[in-house]
Ligand SMILES: *Cc1c(COP(=O)(O)O)cnc(C)c1O
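Residue numbers (my numbering): 334 to 726.
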C-alpha cells in the first residue's frame, strides 16, 4: 500500500505564489488596498468581462448577485439539483423561493427543455421565473445558446455559477461565461482551479450592477458622489441599503494574481489526466465516463465517473471504504439539493422529482484530478478502482 494519499482535488502552490503573498504582507495594505483592484483587473482581462468584483468566497458572490439583481421575497429562482448547496441557498438568503429543473443525462448540466417545461408550468399559474442559476457542472459548459434563447423568450435573469469552469470553452469562446450570462460567479476555494484560500468574484459587463455589488460588499456604504444625498466632508459616507462585510484581503488577491497566471497550464494537466481516465474506463461497461459536447472544451474541475452500482449489485458505501483502505479519498458531487431536508421541508420536494439527478447521484464518484498527479499515480488509482469492484462481485 502507498503512504501517499489522494483526494478528489487539491491545490498547487509554488514559490512564486508564496513570494507574491509575502510581498503584500510586507506592504502597507493587508486589506482594502491596491492588490484587490489588480486582481479584479486580471480576472476581467482573463475572462473577457468589462467589470469584476472580488469578494470573500463564492457563496458571498452568489449572495451579492442575488441582492445586486434585486431578488426579494416571493421571487422564484430555478437552478439545477446537481450543484453545491450555495447555488440554491443564495435565493433563500434573498427571501426568494427555489425550484429546480432536472439535468441533461449527457452533460449533467441543466436541461433547457426541462427548464422550459418548468417555466411554462409556472406561467400557467401566473408565476414569473425571476432568475435561472445555471452551473457549468464539473467544468462542462451548459447549453448556453439554448439558455439565452429561453432568457429572451421568457425574460428571466441568467446567472452562470462558473465555479467549476474557468478555462472551459463554449463554441471556441474562452469568454463565454460573461457573453451569455448577466452575472457570473467564481470561487477560489483550494479545491477549485486556482485559489486564494477563501475567495470569490462576481463578473459582469453591467457597470451599474457591479457598482451595486461593490457597495453591498462593504456594508452598503458608499462615497460615490453620484449617489450621495449630501456631502459633509472627506470622511462622509452614506448607506442606502444594508450590505455585508464580504471583502477579500490584499494578500489573498496577490495569491490569486499569481495563481491565475498558471490556470491554462493547470487546465492542460487536468485534460491529460481526464484523457487517461477516458481511455482506461471506456471499454468497461461498468462505467460511464463524462462526455464532452463537440462545441465545448471541458475544464475538469471534477472527473465525475459513473459506476453502475445498482446494476452490479455493489454497495457504493462499501466501495468508498475499500478505496479509503487504499488511501484514495473519493467524493460525490452532489447530493441532489432538492433531497436536502431543508428543501424537502420548505418546498415539499421528494424522491422521484428529478429522476436524472437522482440516478446520477447513485452512480457518480469524483475520482482524483488535479495538477501534479503523474502516470504512476493514475495507474495506482485506476487499478485500485477496478480491483475494489472485482473484489466485491
Ligand atoms: C465552490 C462552489 C460554490 C461556493 O464557493 P465557496 O467559495 O466555497 O463559497 C458555489 N457554487 C459552486 C458550483 C461551487 O462549486
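Cβ atoms here follow ideal geometry from the backbone N, Cα and C, with glycine treated the same way.
| Asked | Found |
| --- | --- |
| DSSP bridge partner residues for residue 662 (one or two, in chain order) | 340 |
| Nearest residue (CA-CA) to residue 341, options 369, 480, 703, 550 | 703 |
| CB of residue 699 within 8 Å of CB of residue 635, strictly | yes |
| Closest Cα partner of residue 668 within the set 521, 662, 427, 413 | 413 |
| Near ligand 1: residue 417 beta-carbon under 7 Å from a heavy atom | yes |
| Distance between residue 383 and residue 541 (C-alpha atoms, nearest Å) | 12 Å |
| Cβ contact check for the stretch 639 to 653 and the stretch 705 to 723: 3 or more pairs under 8 Å | yes |
| Simplified DSSP state of residue 638, which is helix, strand or coil | strand |
| Of the listed residues 422, 436, 378, nearest to residue 694 (C-alpha basis) | 436 |
| Inter-stretch contact (C-beta, 8 Å, three-pair minimum) for the stretch 456 to 474 and the stretch 501 to 508 | yes |
| Rounded straight-line distance, which links the Cα of residue 619 to that of residue 438 | 17 Å |
| Cβ pair count under 8 Å reaching 3, the stretch 646 to 660 against the stretch 480 to 491 | no |
| Beta-carbon gap between residue 679 and residue 364 smaller than 8 Å | no |
| Nearest-angstrom Cβ-Cβ length linking residue 711 and residue 609, presumed shorter than 8 Å | 5 Å |
| First and last residue of the uninterrupted beta strand (DSSP E) at residue 537 | 533 to 537 |
| First and last residue of the uninterrupted alpha helix (DSSP H) at residue 486 | 477 to 487 |
| Residue 564: first and last residue of the uninterrupted alpha helix (DSSP H) it sits in | Counting along the chain, residue 564 falls outside any alpha helix (DSSP H), and DSSP gives it neither H nor E. |
| Three-way DSSP call (helix, strand, coil) for residue 438 in this model | coil |
| Three-state secondary structure (DSSP) of residue 382 | coil |
| Buried/exposed call for residue 513, threshold 16 Cβ in 10 Å | buried |
| Exposure of residue 477, with buried meaning 16 or more beta-carbon neighbours within 10 Å | buried |
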